[in-house]
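Worksheet for the structure shown next.
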Amino acid sequence: MTARDSYRQLTEHMKDHWMLWSASFLAEWDQETYMPAGGGESRSRMLGMLARLSHEMSTDPKVDDWLSECESSDLAAGDTIEAANIRGLRRLYDRRTKLPKEFVEKEAELKSKARQTWVEARKKSDFSLFAPYLERTLDLQREKADLYGYEHEAYDALIDEFEPGATAVEIERVFQSLLPELVSLNAELRDAPRHPDIGILKRPYNVTKQRLFAEIVVDAIGYDFNEGRIDEVAHPFCTSFGPGDHRICTRYYPEDLAEGLTGAVHEAGHALYDMGLNREEYGLPCGDAMSLGLHESQSRLWENQVGRSRGFWEYFFPQAQRMFRDSLQEVTLEDFYHAMNYSAPSFIRVEADEATYNLHIMLRFDIERALIRGDLQVADIPGEWNKRFKDYFGLEVDRDSNGCLQDVHWSIGCFGYFPTYCLGNLYSAQFYAKANEELPGLESDFAHGDFCRLLKWLRENIHIHGSRYRSAELCRRVTGKPLSHQPLIDYLRSKYREIYGIG
Ligand code: ZN
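Numbering (the working numbering), first residue to last: 1 to 503.
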């Protein structure tokens with residue numbers, strides 16, 4: 001058998017394996033949207049079965065044999081699509097086979113108990129309830145990192161799950177430059193001479209009309225309803241079942257225009273990435289998203305750089321005004337645009353605006369890295385959290401449910417996940433700055449309702465590559481530079497200073 005034959009068999013097998021994933025995504029989508037309550041039990045059995053089958057297929061010893069054949073041939077050399085698929089599938093195979101069955105079972109059991117306890121602890125705002133479970137979770141995370149193996153520090157092996165190839169030291173380099181700049185920008189905004197009137201967005205907005213308006217907006221930016229649909233759920237998300245089927249789930253609030261709309265645009269940004277992936281490679285690394293950070297860079301770019309820009313609202317505000325006459329009749333474009341960019345420090349990460357969001361992430365990154373290293377003890381988390389919160393935001397945390405107990409991530413063993421949110425923001429700013437350099441007058445396209453040039457640029461430079469290049473390398477290829485804090489801080493500073501009347 002030639003290496004070429006092995007590659008063909010390997011990729012056919014892995015494409016079939018991906019069908020099982022697609023089936024489980026479909027079952028999960030249905031669970032979140034239309035499944036009657038009574039379907040819960042059989043649905044978990046279905047999902048369990050699909051997960052087991054997919055694990056069996058992806059850890060089949062034949063996969064290892066095919067990969068070894070390919071790796072000892074020319075196919076694995078250079079930066080071709082084949083070579084990238086071989087590297088990506090090797091990574092997947094190794095990660096799936098390095099954890100013994102007993103470990104996986106132990107982890108699943110702890111995860112479920114720790115999550116339940118966290119829900120209880122958050123409700124009572126009592127960290128001491130959650131602490132013993134977090135201790136055990138950390139022990140398992142360290143053990144997991146050892147099983148995966150790492151070069152510098154255990155935390156790297158954990159980030160690799162979400163952001164392949166990223167390291168704590170590299171992330172720290174960018175975060176440390178960003179942190180003081182953001183703290184000082186936020187202090188400027190607090191003392192600014194002018195503050196947007198957020199009340200404009202918190203009036204009655206008919207939900208049926210909001211639905212229609214969101215559809216008009218996502219259609220205009222390029223979301224293809226022939227290959228997608230929008231449904232409503234408690235926690236918005238985007239999911240793809242394969243080429244030609246990319247669904248958005250969002251949520252609308254009767255007294256808030258921004259939440260529902262920006263949520264829909266955010267999820268449409270994720271979907272546009274999936275719609276732009278290489279269809280030929282579907283089921284293989286080159287036909288799949290690179291990382292969580294890169295995925296988030298696309299959703300944030302559409303939500304923030306585009307969806308909160310003046311040009312965007314020059315086009316859409318008159319339509320919004322016609323649609324929501326009662327609430328927007330007296331409002332000017334300028335006041336509306338300012339309200340869309342309102343910023344204020346707050347306790348809860350998921351409610352944070354563009355100027356404060358990344359501070360929430362940096363705080364979590366430092367704490368979870370110190371926990372994995374053993375430099376910070378679990379009992380000391382609330383104290384450390386609250387001290388940093390005061391330094392970054394100027395606010396005293398009143399209770400742990402508003403502080404270190406607010407996120408689900410640690411209870412389900414997701415360490416190394418948080419930085420991907422901030423990486424997404426950093427990549428989105430760096431990509432967007434480059435797009436503006438290569439496509440002058442981009443924002444005036446938006447003012448005419450034209451988003452084609454930007455989408456085409458993103459498709460050609462980012463989406464089509466899937467996982468062909470790691471995020472850091474893709475960033476260098478697209479922008480000519482390594483990831484930096486500068487484009488993000490430049491973007492935030494110039495937009496917010498102008499809106500807040502500073503300088
Ligand atoms: Zn997202």
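Ideal Cβ placement from N, Cα and C applies to all residues, glycine included.
Beta strand (DSSP E) containing GLY260: first to last residue? Taking the first residue of the sequence shown as position 1, residue 260 is located at position 260. Annotation for GLY260: no beta strand (DSSP E) segment contains it, though the alpha helix (DSSP H) segment containing it runs 257-275.
Just to confirm before moving on: does the CB-CB distance between MET323 and PHE213 stay below 7 Å? Position 323 of the sequence shown, counted from the first residue, corresponds to residue 323. Position 213 of the sequence shown, counted from the first residue, corresponds to residue 213. Taking 7 Å as the Cβ cut-off, MET323 and PHE213 qualify as a contacting pair.
Which of helix, strand or coil does DSSP assign to ARG369? On the sequence shown, position 369 is the one that residue 369 refers to. ARG369: helix per DSSP, three-state reduction.
Indicate whether PRO345 and LEU405 have their beta-carbon atoms separated by less than 7 Å. Stepping through the sequence shown from its first residue, residue 345 is reached at position 345. Stepping through the sequence shown from its first residue, residue 405 is reached at position 405. Not a contact, by the Cβ cut-off of 7 Å.
With distance defined between alpha-carbon atoms, name the residue in SER177, THR262, ARG142 and LYS124 nearest to ALA352. Taking the sequence shown and counting its residues from 1, one reaches residue 352 at position 352. Closest by alpha carbon: THR262.
Using DSSP with H/G/I as helix, E/B as strand and the rest coil, what is ARG388? Taking the sequence shown and counting its residues from 1, the one referred to as residue 388 is at position 388. It is helical.
Run the proximity test for SER299: is its beta-carbon closer than 6 Å to any non-hydrogen atom belonging to the ligand ZN? If you number the sequence shown from 1, residue 299 lands on position 299. Checking the Cβ of SER299 against the ligand ZN gives yes.
For GLU135, verify whether its CB is less than 6 Å away from any heavy atom of the ligand ZN. Translated into positions along the sequence shown, residue 135 becomes position 135. Checking the Cβ of GLU135 against the ligand ZN gives no.
DSSP has GLY242 in a bridge; who is on the other side? Translated into the one-based positions of the sequence shown, residue 242 becomes position 242. According to DSSP, which records beta bridges pairwise, GLY242 is partnered with ASP245.
heavy atom of the ligand ZN below 6 Å from GLU296 C-beta: Locating residue 296 in the sequence shown gives position 296, counting from the first residue. Checking the 6 Å criterion, the Cβ of GLU296 is within range of a heavy atom belonging to the ligand ZN.
Contained alpha helix (DSSP H) runs [length at least 4] in the stretch 142-181, N- to C-terminal order: List check, alpha helix (DSSP H) in window: 154-159.
Can you tell me which of the three DSSP states ILE561 falls into? Since the displayed the chain opens at 1 and closes at 503, residue 561 lies outside it and no answer follows.
For the candidate residues THR239, PRO285, ALA114 and VAL119, whose alpha-carbon lies nearest to that of ARG136? One-based indexing of the sequence shown puts residue 136 at position 136. Nearest option by C-alpha distance: ALA114.
If you measure between the beta carbons of GLY311 and ALA447, is that distance less than 7 Å? Within the sequence shown, residue 311 is the residue found at index 311, counting from 1. Within the sequence shown, residue 447 is the residue found at index 447, counting from 1. Cβ distance < 7 Å, so GLY311 and ALA447 count as in contact.
Does DSSP put ASP94 in a helix, a strand or coil? Taking the first residue of the sequence shown as position 1, residue 94 is located at position 94. It is helical.
Start and end residues, beta strand (DSSP E) containing ILE230: Residue 230 sits at position 230 when you count from the first residue of the sequence shown. From DSSP, the beta strand (DSSP E) with ILE230 extends over 230-232.
Name the residue from HIS13, LEU474 and LEU134 whose alpha carbon lies nearest to the alpha carbon of GLY504. Beyond the ends of the chain as shown, which are 1 and 503, falls residue 504; an answer cannot be given.
Looking at TYR342: is its Cβ nearer than 7 Å to the Cβ of ILE198? The residue labelled residue 342 in the question sits at position 342 within the sequence shown. The residue labelled residue 198 in the question sits at position 198 within the sequence shown. Yes, these two residues count as a Cβ contact at 7 Å.
Can you give the Cα-Cα distance for ASP160 and HIS465, rounded to whole angstroms? Residue mapping note: residue 160 aligns to position 160 of the sequence shown, counting from 1. Residue mapping note: residue 465 aligns to position 465 of the sequence shown, counting from 1. Near 19 Å, if we compare the C-alpha coordinates of HIS465 and ASP160.
What do you get for CYS452, buried or exposed, if any count of 16 or more other CB atoms within 10 angstroms of its CB means buried? As a working mapping, residue 452 is identified with position 452 in the sequence shown. Answer is exposed; the Cβ neighbour count stays below 16.
LEU483 beta carbon less than 7 Å from that of VAL174: Reading the sequence shown from its first residue, position 174 is the one you call residue 174. Reading the sequence shown from its first residue, position 483 is the one you call residue 483. Taking 7 Å as the Cβ cut-off, VAL174 and LEU483 qualify as a contacting pair.
What's the C-alpha gap between ILE489 and MET14? Counting from 1 along the sequence shown, the entry for residue 489 is found at position 489. Counting from 1 along the sequence shown, the entry for residue 14 is found at position 14. Inter-residue distance for ILE489 and MET14 is about 41 Å (C-alpha atoms, whole angstroms).
Where PHE237 sits in the DSSP three-state scheme: In the sequence shown, residue 237 corresponds to position 237, counting from 1. The answer is strand: DSSP assigns PHE237 an E or B state.
Would you mind stating whether ILE361 and TYR155 have Cβ atoms separated by less than 7 Å? As a position in the sequence shown, residue 361 is number 361, starting the count at 1. As a position in the sequence shown, residue 155 is number 155, starting the count at 1. Contact flag unset, no.
Helix, strand or coil, according to DSSP, for TYR496 in the structure here? Locating residue 496 in the sequence shown gives position 496, where the first residue counts as 1. TYR496 falls in the helix class under three-state DSSP.
Closest Cα partner of SER24 within the set CYS422, SER240, VAL397 and LEU363: Walking along the sequence shown from the start, residue 24 turns up at place 24. For the residues CYS422, SER240, VAL397 and LEU363, the minimum Cα distance to SER24 belongs to SER240.
Could you spell out the range, first to last residue, of the alpha helix (DSSP H) harbouring THR11? Working through the sequence shown from its first residue, we reach residue 11 at position 11. That run of the alpha helix (DSSP H) goes 3-33.
Can the beta-carbon of HIS246 be found closer than 7 Å to that of GLY222? As a first step, residue 246 is located in the sequence shown; it is residue number 246 there, counting from the start. As a first step, residue 222 is located in the sequence shown; it is residue number 222 there, counting from the start. Contact flag unset, no.
Taking the straight line between their C-alpha atoms, what separation do you get for ALA234 and ASP256? In the sequence shown, counting from the first residue as 1, residue 234 sits at position 234. In the sequence shown, counting from the first residue as 1, residue 256 sits at position 256. Cα-Cα distance, rounded: 15 Å.
Limits of the unbroken alpha helix (DSSP H) element including THR479: For the purposes of this step, residue 479 is taken as residue 479 along the sequence shown, with counting starting at 1. 471-479 is the span of the alpha helix (DSSP H), which, as asked, contains THR479.
Stretch pair the stretch 94-104 + the stretch 380-391: three plus CB contacts closer than 8 Å: no
Whole-angstrom C-beta distance between THR420 and LEU292, which should lie under 8 Å: Mapped onto the sequence shown, residue 292 falls at position 292. Mapped onto the sequence shown, residue 420 falls at position 420. That belief holds up - the Cβ atoms of LEU292 and THR420 are roughly 4 Å apart, short of 8 Å.
At which residues does the alpha helix (DSSP H) containing GLU59 begin and terminate? Working through the sequence shown from its first residue, we reach residue 59 at position 59. Per the sequence shown, the amino acid found at residue 59 is Thr instead of Glu. No alpha helix (DSSP H) contains THR59, which DSSP labels as neither H nor E.
Excluding the 5 residues preceding and the 5 following HIS266 in the sequence, name in chain order all residues of the same chain whose CB lies nearer than 6 Å to its CB. Residue numbering aside, residue 266 sits at position 266 when the sequence shown is read from its first letter. Correct list, in chain order: SER299 and GLU303.
Delimiting residues of the alpha helix (DSSP H) encompassing HIS338: Numbered from its first residue, the sequence shown carries residue 338 at position 338. Counting along the chain, the alpha helix (DSSP H) containing HIS338 begins and ends at 333-340.
Any chance the stretch 272-286 sits against the stretch 459-476, with 3 or more Cβ pairs inside 8 Å? yes
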